[in-house]
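Residue -2 in my numbering sits at position 10 of the sequence shown, and the numbers go up by one each step.
Have a look at the structure below before the remarks.
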Amino acid sequence: MRLPRPGDGRSLGGPDRPGRKTEARIRSELVPPLPKKKYPRARQHQRRSHIFVTMPHLVACPQCHSPRLPHRACPVCGTYRGRTVFRVEEERHRPTS
Ligand SMILES: [Zn+2]
């Protein structure tokens, strides 16, 4: 931003005087902040090229050999590091038919 200089006539009581409604100030009250230019489709896709869903890393349970998340108790047999940490309720999620 340019600083007002002595002898600059517009700096004294210029357009940025508080209370004065300039065209830019009226527009900023009516229109929200918007991007200046349209993003090209290629640029938009380039930005979104890193946005994707990845498969969770699964390991085989040493007890029942079913796939489970690492560092989590097995949801199938309820064991963690060889110990039973919770009892698995059988036929809990059976669909009602
Ligand atoms: Zn298991």
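We put the beta carbon where it would ideally sit given N, CA and C, even for glycine.
Please read all numbers here as calculations on a predicted model, not as lab measurements.
Contact test: residue i Cβ vs ligand 1 heavy atom, cutoff 8 Å
| i | result |
| --- | --- |
| ARG75 | no |
| THR67 | yes |
| VAL19 | no |
| VAL47 | no |
Backbone secondary structure at residue i - three-state DSSP
| i | result |
| --- | --- |
| ARG15 | helix |
| ARG60 | coil |
| ARG75 | coil |
Proximity winner among the options, relative to residue i (alpha-carbon distances)
| i | options | result |
| --- | --- | --- |
| HIS45 | GLU78, ARG69, PRO58 | PRO58 |
| GLU77 | ARG69, TYR68, PRO63 | PRO63 |
| GLU17 | TYR68, PRO23, LYS9 | LYS9 |
Assess contact between the region 26 to 40 and the region 49 to 58, defined as three or more Cβ pairs (one per stretch) separated by less than 8 Å. Is contact present?
no
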